[in-house]
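Here full-length UniProt numbering is used: the first residue of the sequence shown is 1, the next is one more, and so on.
By construction, the Cβ of each residue, glycine as well, lies at the ideal position given by its N, Cα and C atoms.
What follows is a set of notes on a single structure, which appears directly below.
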Amino acid sequence: MFKRKSDAEDDGSRKAPKLGGAGGSGGGKMSFAAKMMAKMGYKEGEGLGRSGDGILKAIEVKQRPQGVGLGAVREKTEQDKQEAKRQALKRGEEYEDSSEEERKARRKRKEAVRSATASGASTPGGARKPKTKYRTAAEIERQAEGLEVPNVLKSLIDATGKEAKLITSTAGLMTPTFTSAVEETEAQKIANRARKELESYADAWTELTERNKFALAEEEQVRQELAEQDEEIKQVEQMLQAVQALQDLDLSRPRLADDAANAWEQVTSKLETLQVEYATEVERFHLTEVAVAAINPLFKQEMIDWEPLEKPTHLVPYLLRIKRILGIKKDERALAIHNGRDGFQSIRRQKSTTPYESLIYNSWLPKVRTAITNEWDPLNPSPLITLVESWRDLLPEFIYHNLVDHLVVSKLSIAIQEWNPRTSLKRKHGTPLPHIWLFPWLQFLSPHHTDPTSATGLLTEVKRKIRVVLDTWDLSRGVLPGLDAWSSVLGSTLQDALVKHLLPRLAKLLATSFEVYPPDQDLTPLEHVLVWEKFFKPAVMGQLLIAEFFPKWINTLHAWLTMPEANYEEIGKWYNWWKEQIPASVNAVKAVSDKWEEGLVMMNQAIDLGDDAISQLPPPAAGPSKPIASALRSKEVETPVKARTQAQEVEATFKDVVEEWCEQEGLMLIPLREAHDITGLPLFRITASASGKGGVVVYLKGDVVWARKKNDKTAFEPVGLEQTLIDRAEGK
Numbered sequence: 001m002f003k004r005k006s007d008a009e010d011d012g013s014r015k016a017p018k019l020g021g022a023g024g025s026g027g028g029k030m031s032f033a034a035k036m037m038a039k040m041g042y043k044e045g046e047g048l049g050r051s052g053d054g055i056l057k058a059i060e061v062k063q064r065p066q067g068v069g070l071g072a073v074r075e076k077t078e079q080d081k082q083e084a085k086r087q088a089l090k091r092g093e094e095y096e097d098s099s100e101e102e103r104k105a106r107r108k109r110k111e112a113v114r115s116a117t118a119s120g121a122s123t124p125g126g127a128r129k130p131k132t133k134y135r136t137a138a139e140i141e142r143q144a145e146g147l148e149v150p151n152v153l154k155s156l157i158d159a160t161g162k163e164a165k166l167i168t169s170t171a172g173l174m175t176p177t178f179t180s181a182v183e184e185t186e187a188q189k190i191a192n193r194a195r196k197e198l199e200s201y202a203d204a205w206t207e208l209t210e211r212n213k214f215a216l217a218e219e220e221q222v223r224q225e226l227a228e229q230d231e232e233i234k235q236v237e238q239m240l241q242a243v244q245a246l247q248d249l250d251l252s253r254p255r256l257a258d259d260a261a262n263a264w265e266q267v268t269s270k271l272e273t274l275q276v277e278y279a280t281e282v283e284r285f286h287l288t289e290v291a292v293a294a295i296n297p298l299f300k301q302e303m304i305d306w307e308p309l310e311k312p313t314h315l316v317p318y319l320l321r322i323k324r325i326l327g328i329k330k331d332e333r334a335l336a337i338h339n340g341r342d343g344f345q346s347i348r349r350q351k352s353t354t355p356y357e358s359l360i361y362n363s364w365l366p367k368v369r370t371a372i373t374n375e376w377d378p379l380n381p382s383p384l385i386t387l388v389e390s391w392r393d394l395l396p397e398f399i400y401h402n403l404v405d406h407l408v409v410s411k412l413s414i415a416i417q418e419w420n421p422r423t424s425l426k427r428k429h430g431t432p433l434p435h436i437w438l439f440p441w442l443q444f445l446s447p448h449h450t451d452p453t454s455a456t457g458l459l460t461e462v463k464r465k466i467r468v469v470l471d472t473w474d475l476s477r478g479v480l481p482g483l484d485a486w487s488s489v490l491g492s493t494l495q496d497a498l499v500k501h502l503l504p505r506l507a508k509l510l511a512t513s514f515e516v517y518p519p520d521q522d523l524t525p526l527e528h529v530l531v532w533e534k535f536f537k538p539a540v541m542g543q544l545l546i547a548e549f550f551p552k553w554i555n556t557l558h559a560w561l562t563m564p565e566a567n568y569e570e571i572g573k574w575y576n577w578w579k580e581q582i583p584a585s586v587n588a589v590k591a592v593s594d595k596w597e598e599g600l601v602m603m604n605q606a607i608d609l610g611d612d613a614i615s616q617l618p619p620p621a622a623g624p625s626k627p628i629a630s631a632l633r634s635k636e637v638e639t640p641v642k643a644r645t646q647a648q649e650v651e652a653t654f655k656d657v658v659e660e661w662c663e664q665e666g667l668m669l670i671p672l673r674e675a676h677d678i679t680g681l682p683l684f685r686i687t688a689s690a691s692g693k694g695g696v697v698v699y700l701k702g703d704v705v706w707a708r709k710k711n712d713k714t715a716f717e718p719v720g721l722e723q724t725l726i727d728r729a730e731g732k
């Protein structure tokens, strides 16, 4: 049969192409893939990529055994290792995989062990046997302190040989000398036995010596302890004698004042001696309890007749001398001052009080509490301040807190609530101003009482009281008494209260009561405003004048300049006079100086215009004003009209007059929401009590006050605003 050409070609096409040796001597053909890669710049034996940095061989796959997790076998194939090594060599580095690192680590450990245990002559890896060291008899004698080696052990006669031989420690007695492993002479045996016995004796001697030293040390320690105990027994006996001497004083029986002073001096002197001699043993021997028990009878006797406000320093000198033995600590008092209530709470967490604290709490505090509650007047702070300052270093923390923050503060709070600024300067009903009797207490009070920004506290009550007073204070009476003293304590809070409560009233006063009237100028309203100038910043006061004073002043100046008979010299003097009435600090404000400049410019314009100023002088920007000429002509006419109007206002507001009179006299006019049976007019109660009770019931008819009679509650009689009504309001 003949092969067809197509069949031969098909068989040849199915042969595998030769990848290697392309272009070699064999002249083999390149495969299609090899040709394509060669066209793209690939060279056999180099990595993939333009610079040959890619992998050299195809990626191999390494199968992990079934059921085995990560880390059980080495994941890197041989191809990965060769490729990583090739890349490292290309970078000039040395490649080490995990297996090589482990081999090097094991090799290093073996070398370390071998270098530590082996020597050059020993077997590699084996430990060298330590060399036995022998001591001579002289060395043993030197090392074993006090041991005397017998001469018989220092030298022996060896008569076993042909001739006698002296064996000493230096000639072989204490050192083993073997001529043969089998043969051992009698001298060597004797030497060995002597060496072993001598070393055994030396060790036993050393042990006994150490025991002897320890026993001597114990004996010395016991001797010292006995001496200390003897000294302590003597000290305790002396202390017992001192305590017995305190008992012999018989302090429990009543005494007169002179005898009590002598008894206090005696017991204080003896306790002072104990305090000095047993300063380090106070807690150990419970001397605090002894001291408190010694003064307890005397202390209780003194508290019976003691007047805290009359004798605030009573017993203080005695207690200060023995404060250490009484267990009084300074740091507790300091903690109470700085932490306030927190210090009191820390004391409350203690399980019990000391004997001295119990004595003060049960005997001293009730006496002082009664004096403060029933006798002390907050308006006279000196006696109680002396008491607090004197006892300050002697009071426990919680008692000091109870005294100041509870007893004193409660009385001061009531006094602040009863303070009436309107009557504070009255001679009859006058009371000291709060800053006189409150400021001395600020150094003793806790922080929340001295912080005006706090939600509660004494200064907060004062601030609230001042705000109420500023809303109703009669501006004609000048500055609120004592307000300048409060500015240093209240700080910015007072400034805020003045701006919110007083400044609008000052503006209203200038707007309604002040007029610029050159013929007969009344400066009273302006003076009532400027008297408050020191409490405001110059810019604030300047703004007030710009809003309420300068519009009236500039209108009056314009009206005067446009009068036919205007005298510019007189106007200039008037201008300078007004400028002098305003404080220099306010005039220095730029907005105020601009207003003065505006008036000066208007005056210069009028001078330049001459007679034409009457019609051509521009009016001020504030608007038209009342002509000054008509004001001058109608002055005499307006005066009686004003008087009639004021009389009508007084008649129409007679209730306001009565209220003002009550405020000035320290009384209150309280509406009862009831009506008189006959007239139907509302009834009021005039009383001096802060509770609103008592006093006298009245009603107002016209300009007459009708008061209820004392004996007949249905009848009323007219009374005047005089002392009789004041006495009835006070319940006299």
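- Annotation: E83 to I55 spans about 7 Å, alpha carbon to alpha carbon.
- Remark: C-beta atoms of L458 and I416 approach each other more closely than 8 Å.
- Burial is judged here by how many other beta carbons sit within 10 angstroms of a residue's own beta carbon; I304 has fewer than 16 and is exposed.
- DSSP places T460 in the helix class (H, G or I) of the three-state scheme.
- For M668, the pairing in a beta bridge is given by DSSP as T687.
- Taking 8 Å as the cut-off, the beta carbon of V489 is found no closer than this to the beta carbon of G542.
- The beta carbon of L445 sits closer than 6 Å to none of the beta carbons in its chain outside the five residues before and after it.
- Taking the CA atoms as reference points, A215 sits about 12 Å from E207.
- Segment contact: the stretch 521-531 against the stretch 553-570, fewer than three CB-CB distances shorter than 8 Å; contact not assigned.
- The beta carbons of T687 and L672 sit no closer together than 8 Å.
- For V698, the enclosing beta strand (DSSP E) has its first and last residue at V696 to K701.
- Nearest neighbour of K76 by Cα position, chosen from V61, F550 and W574, turns out to be V61.
- Just so you know, the alpha carbons of R106 and S115 end up roughly 14 Å apart.
- For the 8 Å CB-CB criterion, E272 and R321 form a contact.
- G482 is classed as buried because its beta carbon has at least 16 other beta carbons within 10 Å across all chains shown.
- Around the beta carbon of N576, a 10 Å sphere encloses fewer than 16 other beta carbons of the protein chains shown; the residue is thus reported as exposed.
- Going by DSSP, P718 is part of no alpha helix (DSSP H) but of the beta strand (DSSP E) stretching over F716 to V719.
- Shortest Cα-Cα distance from V586 to any of P355, V531, N555 and E569 involves V531.
- Using a Cβ distance threshold of 8 Å, T313 and S363 do not count as a contacting pair.
- Rounded to the nearest whole angstrom, the C-alpha separation of L309 and L384 is 6 Å.
- Of the candidates R369, N420 and K710, the residue whose Cα lies closest to the Cα of N402 is R369.
- Taking 8 Å as the cut-off, the Cβ atoms of L319 and L326 count as close.
- A Cβ-Cβ distance of about 25 Å is found for the pair L494 and F549, leaving them out of contact under the 8 Å criterion.
- Listed as beta-bridge partners of V705 by DSSP are L700 and V719.
- Under the three-state reduction of DSSP, E674 is assigned to strand.
- In the structure shown, the three-state DSSP call for P355 is helix.
- Between R728 and A707, the gap from beta carbon to beta carbon is short of 8 Å.
- For G542, the enclosing alpha helix (DSSP H) stretches over residues P538 to E548.
- Taken through DSSP and simplified to helix, strand or coil, P682 comes out as strand.
- Of K39, W264, L287 and I328, the smallest CA-CA separation from Q275 is found for L287.
- Between K234 and the set N262, Y278, Q247 and N192, the nearest pair of CA atoms involves Y278.
- Sixteen is the threshold: when 16 or more other Cβ atoms of the shown chains lie within 10 Å of the Cβ of P381, as they do, the residue is buried.
- Residue state for I385 is assigned as helix, using DSSP reduced to three classes.
- Using a 10 angstroms sphere on the CB of A715, the tally of other CB atoms stays under 16, which defines it as exposed.
- Residue burial annotation: V468 is exposed, with fewer than 16 other C-beta atoms found within 10 angstroms of its C-beta.
- Rounded to the nearest whole angstrom, the C-alpha separation of P718 and N711 is 15 Å.
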